[in-house]
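2 protein chains.
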Amino acid sequence: MSGYTKEELDGLREFYRDSLLEDTLKFWLPRGIDEEHGGYLLMRDRDGSLIDDDKSVWFQGRFSSILGNLYNHVEAREEWLSGAKAGVDFLREHCFDKDGQMFFMMTREGKPLRKRRYFFSEAFAIAAFAQYAKATDDAALAQEARDLFRRCSEYADGSRPLPAKYTGERPAKGLGVPMIFLNVAQTLCDTVGCEFAASQIDSYIAQIEDCVDDEFKCVWECTDPDGKMIDHLQERTITPGHAIEGAWFILHEAKRRGGDARLEKLGLKMLDYSWEQGWDKEFGGIIYFVDPTGKPVMEYWQDMKFWWPQNEAVIATLLAYTMTGDPKYAEWHKMIHSYAHEHFHDKEHGEWFGYLHRDGRVSTAMKGNHYKGPFHLPRMQTYCWQLLEEHLAK
Amino acid sequence: MSGYTKEELDGLREFYRDSLLEDTLKFWLPRGIDEEHGGYLLMRDRDGSLIDDDKSVWFQGRFSSILGNLYNHVEAREEWLSGAKAGVDFLREHCFDKDGQMFFMMTREGKPLRKRRYFFSEAFAIAAFAQYAKATDDAALAQEARDLFRRCSEYADGSRPLPAKYTGERPAKGLGVPMIFLNVAQTLCDTVGCEFAASQIDSYIAQIEDCVDDEFKCVWECTDPDGKMIDHLQERTITPGHAIEGAWFILHEAKRRGGDARLEKLGLKMLDYSWEQGWDKEFGGIIYFVDPTGKPVMEYWQDMKFWWPQNEAVIATLLAYTMTGDPKYAEWHKMIHSYAHEHFHDKEHGEWFGYLHRDGRVSTAMKGNHYKGPFHLPRMQTYCWQLLEEHLAK
Chain A
707 MSGYTKEELD GLREFYRDSL LEDTLKFWLP RGIDEEHGGY LLMRDRDGSL IDDDKSVWFQ
767 GRFSSILGNL YNHVEAREEW LSGAKAGVDF LREHCFDKDG QMFFMMTREG KPLRKRRYFF
827 SEAFAIAAFA QYAKATDDAA LAQEARDLFR RCSEYADGSR PLPAKYTGER PAKGLGVPMI
887 FLNVAQTLCD TVGCEFAASQ IDSYIAQIED CVDDEFKCVW ECTDPDGKMI DHLQERTITP
947 GHAIEGAWFI LHEAKRRGGD ARLEKLGLKM LDYSWEQGWD KEFGGIIYFV DPTGKPVMEY
1007 WQDMKFWWPQ NEAVIATLLA YTMTGDPKYA EWHKMIHSYA HEHFHDKEHG EWFGYLHRDG
1067 RVSTAMKGNH YKGPFHLPRM QTYCWQLLEE HLAK
Chain F
707 MSGYTKEELD GLREFYRDSL LEDTLKFWLP RGIDEEHGGY LLMRDRDGSL IDDDKSVWFQ
767 GRFSSILGNL YNHVEAREEW LSGAKAGVDF LREHCFDKDG QMFFMMTREG KPLRKRRYFF
827 SEAFAIAAFA QYAKATDDAA LAQEARDLFR RCSEYADGSR PLPAKYTGER PAKGLGVPMI
887 FLNVAQTLCD TVGCEFAASQ IDSYIAQIED CVDDEFKCVW ECTDPDGKMI DHLQERTITP
947 GHAIEGAWFI LHEAKRRGGD ARLEKLGLKM LDYSWEQGWD KEFGGIIYFV DPTGKPVMEY
1007 WQDMKFWWPQ NEAVIATLLA YTMTGDPKYA EWHKMIHSYA HEHFHDKEHG EWFGYLHRDG
1067 RVSTAMKGNH YKGPFHLPRM QTYCWQLLEE HLAK
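Protein sequence lines correspond, in order, to chains A and F.
Heads up, the first sequence is in this note's numbering, so the first residue is 707 and it goes up one at a time.
Heads up, the second sequence is in this note's numbering, so the first residue is 707 and it goes up one at a time.
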């Protein structure tokens, strides 16, 4: 094993930039913008044709934050700014219920179809508002983002209760909420600033760290209140790609702080454990679900390959390499980068397939649906491009 | 194509009987009974070892009704009666919330973990109570079953509201509720009798018939209030195995009535449409999800083969053949019977695998989990055995 040469890193930098600008964004823009009703029309077949005109609230926030980030941190293109605005306006006009909670799915015209008992719509809206507020220097919108973050903290700590999905008979704490809000807090702090969000980051990291298990060498999706494994079918199931995403959020935090040995060690450990659990030694790629105790996983599609765990693994391995110089991470990055681009990239119509069987056959070729759209892939391309720009400039 | 000979049918009769008595029931009894806390312990690995001691409320009712039906309609074995009692007692002691709604998942000791916003736990409990009440001539339990059926009707017609999952912005009516309650009503009427349930059967059938679409030649899982297709991603997705189950419920109703040409025609049409939509011409077996308009299906595991659609197709094709003598249905029955037993039956440990990839590879080998247990398979074996006993006796 040896690390990457400067030339190789330069080639990767160009590759991520070109993939983003010439492939992914060309797939979604301008067709993704709904010129008639505002917001985005993102549920699209392989060739880009529309298969459903409903609007996922997650993706109104997610795509807007992707475009807002590009405008703020890459280049002040008018297309990206107006694109980011379409999502922010649709979210603010249609996606909040009277009780202040956000919806989950809307009709094209902006009527609510479904609301859920958790608050991830809010997480993505905060990031969108924060990016657009920075781009337009809009102090009122920046405050809306901060207020929404505060409200989510109240959902998370239980002081603002939401309808419960479980009885409370088996108390558990999860990886998902602290992970997503760590990322949202970073975005909020790095765009419009938020003292409260900044004050929460250490607590999110502590909650994530509680899910790391040195005995089973894995990161649990949830644990009991003491951070111990819950020995039941669903709770034993880990999602290595999700933990790898959490790993790079923590490595990114170490970097934001100008270096932090403790956080770097934690992020690398999460990456190491999850790579070993998730990398498919037979076919390549990160597998969806695993039971680290060796028992069977209930989800029948547990051995499929989704696009987003590959995206997160590409970021995490490259970030780990640039931070440590450890050739192991260059090696892993090469493995995941080439596997993912070979199997997921749609050479005919651009963008990536979302869902492969374990052996790499495409299961369903659509590019956008309730849960897939322009988020993980362009985030990966943007992050890796910018990371290498910065790394090579040193 | 030619039909089955009498000898072939006799062979099938023996096959279903022996598979039920010597294979399926031997897998689940006595190990499925929790002698310590009552109810059933059914979440089991391929070899029968326990992988989770939680108790699905669905399966406390489902397994009890399977055993109660065997006791009532096949043979008065003490093991089946005491087995049925274990489920009924656990359901009555632990599985009702204070508000009268039933839970969805319990701890081994009978503490509630999760409650859901629909009432299928109730449907299976009604069938269990009705079978056990008949077996023990228990008038009070029979009335409990009738009262619970009445309560479910109130959930279904909205006069007893449950928390809503959708906003009502896109009104829809579904196939699931009338289907399951048609089957429960039949069971209730044929065990302890229930005038109210009997009075509802025509309405359930009318609701099911409204989901049959002669343009797309399919049975929708849900439609708009006028019975028309809802042209969105999830609503376009059909589940052929589910519609095939509905088809045989209706054929069974025609038979209960001593013949009914209109119902027979409806049931056969549902079977014909759903077989054409669901049969996998490349690998065999009934595929899980299909979009009859040819658009992509959102569920990434849409092309997998689950055990239960095969079970329902075995029943439906055999019932259609015995009712019509049409050799087409004998042909289809041969195809599904041999595909299913070849691919799903676990020749080493007995019972069936639940989840195969499209090409027949086993995805996860467990025998019981939150959604799989002793229900569809022993129901198929019992129904086909008894159907052939009756048919051959003619």
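Ideal placement from N, C-alpha and C gives every residue a C-beta, glycine not left out.
The structure displayed is predicted, hence computed values, not measured ones.
- Boundaries of the alpha helix (DSSP H) harbouring S771/F: 763 to 779, taken from the DSSP string.
- At a cut-off of 8 Å between beta carbons, E1095/A makes no contact with chain F.
- Shortest Cα-Cα distance from R723/F to any of E781/F, K871/F, S771/F, D753/F involves E781/F.
- Around N1075/F, the beta-carbon contacts reaching into chain A at under 8 Å are L939, M1004.
- At a beta-carbon threshold of 8 Å, the residues of chain F lying near Q1008/A are S1069, T1070, ordered along the chain.
- With distances taken between CA atoms, K791/A lies nearest to A833/A out of F825/A, G717/A, A833/A.
- Less than 8 Å divides the Cβ of A848/A from the Cβ of V898/A.
- When secondary structure is reduced to three states using DSSP, K987/F falls in the coil class, being assigned neither helix nor strand.
- Put simply, of E959/F, D1032/F, P946/F the residue whose alpha carbon is nearest the alpha carbon of F995/F is P946/F.
- Around the Cβ of P736/A, a 10 Å sphere holds fewer than 16 other Cβ atoms; the residue is exposed.
- About 7 Å separates the CB atoms of R768/F and G1079/F; that is less than 8 Å, so the two are in contact.
- Nearest CB-CB separation between P869/F and chain A: below the 8 Å threshold.
- Classified as buried, G1074/F has 16 or more neighbouring CB atoms from the shown chains inside 10 Å of its CB.
- For R820/F, the chain A residues whose Cβ falls inside 8 Å of its Cβ are K871, Y872, T873, in order along the chain.
- In the DSSP annotation of this structure, the continuous segment of the beta strand (DSSP E) that includes T1070/F starts and ends at 1068 to 1070.
- Excluding the 5 residues flanking it on each side, G984/A has same chain C-beta neighbours closer than 6 Å at P946, I992, I993, in chain order.
- Identification of chain F residues near K1001/A by a Cβ-Cβ cut-off of 8 Å yields D751, I757, ordered along the chain.
- If you compare the alpha carbons of H800/F, W1013/F, E959/F, A904/F with that of L819/F, the shortest gap goes to H800/F.
- Contacts with chain F at 8 Å (Cβ-Cβ) do not include H1049/A.
- Under a criterion of Cβ atoms nearer than 7 Å, the residues of chain A adjacent to H1063/F are, in order, H1063.
- Note on S762/F: 16 or more other CB atoms within 10 angstroms of its CB, so buried under the neighbour-count rule.
- Taking A1071/F as the centre and dropping the five residues before and after it, the same chain places the C-beta of D751, R752, D1052, F1059 closer than 8 Å to its C-beta, in chain order.
- For I944/A, the three-state secondary structure derived from DSSP is strand.
- A direct Cα-Cα distance of roughly 25 Å separates P1084/F from E970/F.
- In this structure, the straight-line span from the alpha carbon of W764/F to that of D759/A is close to 36 Å.
- With its beta carbon at least 8 Å from every one in chain F, K961/A lies outside the interface.
- Shown here, C858/F sits in a helix according to DSSP, grouped into three states.
- Within the DSSP secondary-structure output, L756/A pairs in a beta bridge with R750/A.
- Looking at the DSSP output, M808/A shares a beta bridge with F802/A.
- For the pair H1063/A and D1009/F, the Cα-to-Cα distance works out to about 10 Å.
- Closest by C-alpha distance to D1065/F, out of D966/F, H1076/F, H1049/F, T929/F, is H1049/F.
- Taking C-beta separations shorter than 8 Å and ignoring five residues to either side along the sequence, the partners of D803/F in its chain run F809, P818, K821, following chain order.
- In the structure shown, the three-state DSSP call for W1058/A is strand.
- Interface annotation for the region 799 to 817 of chain F against chain A: T813, K817, criterion Cβ-Cβ distance under 7 Å.
- G738/F is positioned such that its CB atom lies no closer than 8 Å to that of L727/F.
- Under the DSSP assignment, R876/A falls outside any beta strand (DSSP E); it carries neither an H nor an E label.
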